[in-house]
Amino acid sequence: MNVEITPNYSYIFDFENEFIHQDTRVWMVKNWTYVFYYCGIYMAVIFGGQWYMQNRPRHFVERDIPAGPCDRK
Numbered sequence: 104m105n106v107e108i109t110p111n112y113s114y115i116f117d118f119e120n121e122f123i124h125q126d127t128r129v130w131m132v133k134n135w136t137y138v139f140y141y142c143g144i145y146m147a148v149i150f151g152g153q154w155y156m157q158n159r160p161r162h163f164v165e166r167d168i169p170a171g172p173c174d175r176k
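With the working numbering, you'll find the sequence shown wraps up at 176, consecutive numbering, no jumps.
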């Protein structure tokens with residue numbers, strides 16, 4: 104299946120003209136399962152980080168920044 108895709112933009116960048124959609128589609132069909140692995144790792148980091156930090160004391164960033172917010176008087 105050979106489908107020609109042309110973007111409808113007022114200006115087209117060089118990398119858009121040189122992008123081969125068919126090759127990318129073949130790669131995506133071959134490697135679509137990696138999305139689930141990366142989603143699982145991302146969710147483990149987010150929810151694992153929340154679980155890890157739930158009983159830890161808060162960290163106030165303002166005291167660590169020497170200048171602090173510039174709009175304070």
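Glycine included, each C-beta is placed from N, C-alpha and C at the ideal position.
Alpha-carbon to alpha-carbon, residue j and residue i
| i | j | result |
| --- | --- | --- |
| Val132 | Val138 | 11 Å |
| Pro160 | Cys142 | 29 Å |
| Tyr112 | Thr127 | 21 Å |
| Ala147 | Gln153 | 10 Å |
| Phe116 | Phe122 | 10 Å |
| Asn158 | Phe150 | 14 Å |
| Tyr155 | Phe118 | 42 Å |
Reference residue i; option with closest CA among the options
| i | options | result |
| --- | --- | --- |
| Val106 | Tyr112, Asp117, Val129 | Val129 |
Whether residue i touches residue j by CB criterion (7 Å)
| i | j | result |
| --- | --- | --- |
| His124 | Ile144 | no |
Endpoints, alpha helix (DSSP H) assigned at residue i
| i | result |
| --- | --- |
| Tyr138 | Residue 138 is actually Val in this sequence, not Tyr. Note, Val138: alpha helix (DSSP H), 137 to 156. |
| Glu107 | Neither: Glu107 is in no alpha helix (DSSP H) and is coded neither H nor E. |
| Phe118 | 117 to 121 |
| His124 | 124 to 134 |
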